[in-house]
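As structure tokens, the structure follows; a few thoughts come after it.
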Amino acid sequence: MASPPGNWKTRYKASDLADHQRLEMTCKKCNRLVYISKAMISSIRGHEQLYLDEVERRARCKAQNCRGTMRMAMVRLDELSGFVGGIA
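Each residue of the sequence shown is one higher than the one before, counting from 6 in this note's numbering.
Here is the structure:
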């Protein structure tokens, strides 16, 4: 089965995220870093049904006098682990 066109931001809605899943938002203008969750996205009326690329497009930096656009990245701490192995 072929995967649908686009990337993970265009395939998943905010409502598809797990309750514990966090997204990393980085300002393209001032490099401010914030983490958002499904609950934070859903607290904004109408945002729970948006695709993640739409959430990213609407997001603006809240730093004083910045209002820059944000870049979204998925945080996967459980999958980060050092190399544990060797030559078999």
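Yeah, the Cβ is synthetic: ideal placement off N, Cα and C, and Gly gets one too.
In terms of residues, what are the limits of the alpha helix (DSSP H) holding residue i?
{"i": "Glu111", "result": "Outside the shown range of the chain, which is 6 to 93, sits residue 111, and nothing can be said about it."}
{"i": "Val60", "result": "57–63"}
{"i": "Arg1", "result": "A query on residue 1 cannot be resolved here, the shown segment of the chain reaching from 6 to 93 and no further."}
{"i": "Arg16", "result": "13–16"}
Below 8 Å between beta carbons: does that hold for residue i and residue j?
{"i": "Leu28", "j": "Ile49", "result": "no"}
{"i": "Ala19", "j": "Glu61", "result": "no"}
{"i": "Met77", "j": "Met30", "result": "yes"}
{"i": "Ala26", "j": "Lys43", "result": "It should be noted that the sequence gives Gln, not Ala, for residue 26. Taking 8 Å as the Cβ cut-off, Gln26 and Lys43 qualify as a contacting pair."}
Keeping to the same chain, check which residues put their C-beta closer than 7 Å to that of residue i; ignore five residues upstream and five downstream.
{"i": "Cys66", "result": "Cys32, Lys34, Cys35, Arg37, Arg72, Gly73, Met75"}
{"i": "Thr15", "result": "Tyr56, Asp58"}
{"i": "Gly51", "result": "none"}
{"i": "Asp24", "result": "Lys43"}
Starting from residue i, trace the beta strand (DSSP E) in both directions and tell me its first and last residue.
{"i": "Ala68", "result": "Note, Ala68: premise wrong, no beta strand (DSSP E); not H, not E."}
Which of the three DSSP states, helix, strand or coil, is assigned to residue i?
{"i": "Ala44", "result": "helix"}
{"i": "Leu85", "result": "Residue placement at Leu85 is flagged as unreliable, the pLDDT there being 49, under the threshold of 50; the coordinate-derived value follows with that caveat. In the structure shown, Leu85 sits in coil (DSSP, three-state: anything other than H, G, I, E or B)."}
Which same chain residues, not among the five before or five after residue i, have their C-beta less than 6 Å away from its C-beta?
{"i": "Arg81", "result": "none"}
{"i": "Val39", "result": "Met30"}
{"i": "Trp13", "result": "none"}
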